[in-house]
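Q: Below you will find the structure I want to go over with you.
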Amino acid sequence: MLMKIAFRNILRNRRRSFMTGSAIAVSAVALLVFGGFITYIFTAFETGLVRNIGHLTVFRSGYFLFGSGNPAAYGIDDYDKVMALIGNDPVLRPMLRVMTPTQSLVGIAGNFSGGTDAAKTFFGTGLVVADRQKMREWNEYGAGQPVVPDLRMSAAAPQRGLVGLGMARILGLCGPLHVVGCPSPPVREATKVPGAAAAPDLVDLAHSELGTNAHPAQEQPRIDLLGATANGAPNVVSMEVAGVDQQGVKELDDNYVAMPLALAQQLVYGRGEHKVTGIVLQLQRTGQIAAARSRLAVLIAQHHLPLEVHDFAELTPFYVQVVRLFSMIFLFLTVIMGVIVLFAVVNTMTMNVVERTNEIGTIRAMGVRRNGIRAQFVLEGWLLGAIAATIGVLIAFAVIPAINHGGLNWTPPGNSGSVPFRLAAPASRLALLAGTWGGLVLVATFAALLPANRAARLPVVDALRHV
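The sequence shown begins at 358 in the numbering used here and counts up one residue at a time.
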């Protein structure tokens, strides 16, 4: 009976109820659309990171804080045994999707072919090509773009690698690589410095290390990479550049070099023991990070290994900053929408109380207690909020697919190119859907409580003679 009366009272002033319900419905649409937007940002960003650096990475102790300055000094000894220990563990084995070693390195890259005289510091990564290709197929949330196999690097070409677009531009490789929209560096007259070694000496050193005599005729250009071995001795290797791999950050793009693991180890360790700086673990699901990390800590402690484990969020502070930024924006928007709904419902219910003062006095004289009056108005507020929030959810279910199929494109954080603009469907984020609906209904109910208390406290005699 109370529900029936509340519904009929809402329809008594349709225009007022419509305006208040519209505010609630629009708030629901805004929260679900923006929530779907930031959810897709988070999942797409996470997908890109997990594809590139995995969920967890095992380093030698101290590498996370000091290793970037001298990766060779923080190599993992007997990394094959460490990988076997992790891969054979009965707890970790079901969680693992890919486990692959990586080698970080720094040095100077030079291109002295075809009359070009250019050199640039670089940050390099040595990787297992087959493992990296499998990592790029991870797509737990369905937010990643379809993966096109990259055949420019392969196990059959151990000296073939990729460089960042900025690195290719600086070294004058855009022309030989046929990169569109990449200008060649201006030609400058070489200046001979007395006592300085000629540029071909770097090339000669590379070929003396590799046992070759001269650059063979190649369809693809080569660059020479100069670095220091773990013992501090200079070392040079020659790498065939198969193409560019544009990075999302200019500073990284201008310094990026990717190469097969064996070539990176040759540069860093020379004829010494080959090590790696990291063992990357890609799990089946992101939710397994805590359990996998806990188990790794147990294994490291049991075998007294000088290792440490870090997840992708620790290795990429920018990801954490993006999550916090958009979370605060969403919280700010939620507060604004909540305040709008609060005042709209308070205004509507206050007007209802004023217009129905005589009715309140009549039913109070008939024996209805104050709690009954209070419950009646609170129920009206709850019903108004529930109906309007439900309509808003249904509108969002129609709006979001329309936006996803609208052909819009944008460049998300950390991406180097434009991708289709997408919003996460509300059905795939039940917490967002339930939180939005429940939060708006709760605000509407609480807003109705204030006028309901006023109605319940009205003296019966004053209410009966109210005009």
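Note that CB positions come from ideal geometry on N, CA and C, so glycine has one too.
(1) Is it the case that the CB of Tyr431 approaches a heavy atom of the ligand MG more closely than 8 Å?
(2) Compute the Euclidean distance between the alpha carbons of Asp668 and Leu530, then round it to the nearest angstrom.
(3) Fully enclosed by the region 477-536, which beta strand (DSSP E) runs are 3 residues long or longer?
(4) Specify the secondary structure class of Val606 as computed by DSSP and reduced to three states.
(5) Taking Gly393 as the reference, give the member of Ala649, Ala782, Gly796, Asn766 with the closest Cα.
(6) At which residue ranges does the region 602-664 contain complete beta strand (DSSP E) runs of 3 or more residues, listed in the order of the chain?
(7) Measuring CB to CB, does Glu494 end up less than 9 Å from Thr643?
(8) Drop a sphere of 10 angstroms on the beta-carbon of Ala813, count the other beta-carbons inside from all chains shown, and report buried for 16 or more, exposed for fewer.
(9) Contact check, Ala615 vs Leu406 under 8 Å by CB: the rounded distance?
(10) Would you call the CB atoms of Arg652 and Asp437 closer than 9 Å?
(11) Is Met596 helix, strand or coil by DSSP?
(12) Count Cβ pairs between the region 443-457 and the region 676-689 that sit closer than 8 Å; are there 3 or more?
(13) Please list the terminal residues of the continuous alpha helix (DSSP H) segment that includes Val386.
(14) Under 8 Å: do the region 535-545 and the region 632-650 share three or more Cβ pairs, one atom per stretch?
(15) Mind checking whether Thr705 and Leu741 have CB atoms under 9 Å apart?
(16) Please report the distance separating the alpha-carbon of Leu609 from that of Val698.
(17) Looking only at its own chain, which residues have a Cβ that is under 6 Å from the Cβ of Asn366, when we skip the five neighbours before and after it?
(18) Look at the alpha carbon of Met376 and the alpha carbon of Lys607, and state the distance between them as a whole number of angstroms.
(19) Among the candidates Gly635, Phe803, Gly764, Trp767, whose CA atom is the shortest distance from the CA of Tyr431?
(20) Measuring CB atoms only, is the region 617-630 touching the region 522-529, in the sense that at least three cross pairs come out at less than 8 Å?
(21) Would you identify the three-state DSSP class for Thr714, choosing helix, strand or coil?
(22) With a cut-off of 8 Å on the beta carbons, I'd call Leu359 and Ala732 a contact; round off their distance for me.
(23) Cα separation between Ser684 and Ile395?
(24) Out of Gly764, Leu462, Arg579, Asn409, which has the shortest C-alpha to C-alpha gap to Gln490?
(25) Taking the alpha-carbon positions, what's the Val390 to Pro674 distance?
(26) Do Val625 and Thr586 have their CB atoms nearer than 9 Å?
(27) State the beta-bridge partners of Met456 as determined by DSSP.
(28) By the 10 Å Cβ neighbour count, where 16 or more other Cβ atoms means buried, how is Thr326 classified, buried or exposed?
(29) Just the Cα atoms here: how many angstroms apart are Gly464 and Met596?
(30) Between the alpha carbons of Ile657 and Val537, how many angstroms are there, rounded?
(31) Whole alpha helix (DSSP H) runs in the region 685-729 with 4 or more residues, listed along the chain?
(32) Are the CB atoms of Phe416 and Gly426 nearer to each other than 9 Å?
(33) To the nearest angstrom, how far is it from the Cα of Tyr613 to the Cα of Leu620?
(34) Which residue's Cα is closest to the Cα of Val800: Leu787, Ala701, Ile757, Val776?
(35) From Val550 to Ile580, what distance separates their C-alpha atoms?
(36) For Asn766, list the residues DSSP reports as bridge partners.
A: A quick look at the data gives this:
(1) Because no ligand of any kind appears in the structure shown, any question about the ligand MG cannot be addressed here.
(2) Residue numbering aside, residue 668 sits at position 311 when the sequence shown is read from its first letter. Residue numbering aside, residue 530 sits at position 173 when the sequence shown is read from its first letter. Their Cα atoms are separated by approximately 35 Å.
(3) List check, beta strand (DSSP E) in window: 517-520.
(4) Within the sequence shown, the letter at position 249 stands for residue 606. Coil, per DSSP.
(5) For the purposes of this step, residue 393 is taken as the residue at position 36 of the sequence shown. The residue with the shortest Cα to Cα distance from Gly393 is Ala782.
(6) Entirely contained in the region 602-664, the beta strand (DSSP E) runs reaching 3 residues are, in chain order, 613-617, 635-640.
(7) Taking the first residue of the sequence shown as position 1, residue 494 is located at position 137. Taking the first residue of the sequence shown as position 1, residue 643 is located at position 286. In this structure, Thr643 does not lie closer than 9 Å to Glu494 by Cβ.
(8) Position 456 of the sequence shown, counting from 1, holds the residue named residue 813. Buried is the call here.
(9) Numbered from 1 along the sequence shown, position 258 holds the residue referred to as residue 615. Numbered from 1 along the sequence shown, position 49 holds the residue referred to as residue 406. At roughly 16 Å, the Cβ-Cβ gap does not stay under 8 Å, so Ala615 and Leu406 are not in contact.
(10) Locating residue 652 in the sequence shown gives position 295, counting from the first residue. Locating residue 437 in the sequence shown gives position 80, counting from the first residue. Taking 9 Å as the cut-off, the beta carbon of Arg652 is found no closer than this to the beta carbon of Asp437.
(11) The sequence position of residue 596 within the sequence shown is 239, counting from 1. In the three-state scheme derived from DSSP, where H, G and I count as helix and E and B as strand, Met596 is classed as strand.
(12) Proximity of the region 443-457 to the region 676-689 falls short of the contact definition, fewer than three beta-carbon pairs being nearer than 8 Å.
(13) Taking the sequence shown and counting its residues from 1, the one referred to as residue 386 is at position 29. Per DSSP, the continuous alpha helix (DSSP H) segment holding Val386 begins and ends at 371-410.
(14) In this structure the region 535-545 does not lie against the region 632-650, because fewer than three pairs of beta carbons, one per stretch, are closer than 8 Å.
(15) The sequence position of residue 705 within the sequence shown is 348, counting from 1. The sequence position of residue 741 within the sequence shown is 384, counting from 1. Yes, the pair counts as a contact, with Cβ atoms nearer than the cut-off.
(16) Residue numbering aside, residue 609 sits at position 252 when the sequence shown is read from its first letter. Residue numbering aside, residue 698 sits at position 341 when the sequence shown is read from its first letter. Whole-angstrom Cα-Cα distance: 46 Å.
(17) Within the sequence shown, the letter at position 9 stands for residue 366. Annotation for Asn366: Glu737 place their beta carbon closer than 6 Å to its own, counting only its chain and skipping 5 residues before and after.
(18) For the purposes of this step, residue 376 is taken as the residue at position 19 of the sequence shown. For the purposes of this step, residue 607 is taken as the residue at position 250 of the sequence shown. Each residue's alpha carbon lies about 49 Å from the other.
(19) Taking the first residue of the sequence shown as 1, we reach residue 431 at position 74. The shortest C-alpha separation from Tyr431 is found at Gly635.
(20) No: the two stretches stay apart, fewer than three of their Cβ pairs being nearer than 8 Å.
(21) Residue mapping note: residue 714 aligns to position 357 of the sequence shown, counting from 1. If DSSP states are grouped into helix, strand and coil, Thr714 belongs with the helices.
(22) What you label residue 359 is simply residue 2 of the sequence shown in a count that begins at 1. What you label residue 732 is simply residue 375 of the sequence shown in a count that begins at 1. Leu359 to Ala732, Cβ: 7 Å. Contact.
(23) Residue numbering aside, residue 684 sits at position 327 when the sequence shown is read from its first letter. Residue numbering aside, residue 395 sits at position 38 when the sequence shown is read from its first letter. Straight-line Cα distance between these residues: approximately 8 Å.
(24) Stepping through the sequence shown from its first residue, residue 490 is reached at position 133. The candidate whose alpha carbon is nearest that of Gln490 is Asn409.
(25) Here the question's residue 390 lines up with position 33 in the sequence shown. Here the question's residue 674 lines up with position 317 in the sequence shown. For Val390 and Pro674, the gap between their C-alpha atoms comes out near 26 Å.
(26) As a position in the sequence shown, residue 625 is number 268, starting the count at 1. As a position in the sequence shown, residue 586 is number 229, starting the count at 1. Between Val625 and Thr586, the CB-CB gap stays under 9 Å.
(27) Position 99 of the sequence shown, counted from the start, is the residue given in the question as residue 456. Answer is Leu638, bridged to Met456.
(28) Any question about residue 326 goes unanswered here, given that the chain covers just 358 to 824.
(29) As a first step, residue 464 is located in the sequence shown; it is residue number 107 there, counting from the start. As a first step, residue 596 is located in the sequence shown; it is residue number 239 there, counting from the start. If I take the Cα positions, the gap works out to 13 Å.
(30) Numbered from 1 along the sequence shown, position 300 holds the residue referred to as residue 657. Numbered from 1 along the sequence shown, position 180 holds the residue referred to as residue 537. C-alpha separation (whole angstroms): 48 Å.
(31) Fully enclosed alpha helix (DSSP H) runs of 4 or longer: 714-722.
(32) If you number the sequence shown from 1, residue 416 lands on position 59. If you number the sequence shown from 1, residue 426 lands on position 69. No, the pair does not count as a contact, with Cβ atoms beyond the cut-off.
(33) Along the sequence shown, read from residue 1 onward, the residue named residue 613 stands at position 256. Along the sequence shown, read from residue 1 onward, the residue named residue 620 stands at position 263. Whole-angstrom Cα-Cα distance: 15 Å.
(34) Taking the first residue of the sequence shown as 1, we reach residue 800 at position 443. Nearest to Val800 by C-alpha distance, out of Leu787, Ala701, Ile757, Val776, is Ala701.
(35) Sequence index remark: in the sequence shown, residue 550 carries index 193 (1-based). Sequence index remark: in the sequence shown, residue 580 carries index 223 (1-based). Note that Val550 has pLDDT 49, beneath the 50 cutoff, so the model's placement of it is unreliable and the number below is only indicative. Annotation: Val550 to Ile580 spans about 23 Å, alpha carbon to alpha carbon.
(36) Against the sequence shown, residue 766 aligns to sequence position 409. Partner residues in the beta bridge of Asn766, as assigned by DSSP, are Pro777.
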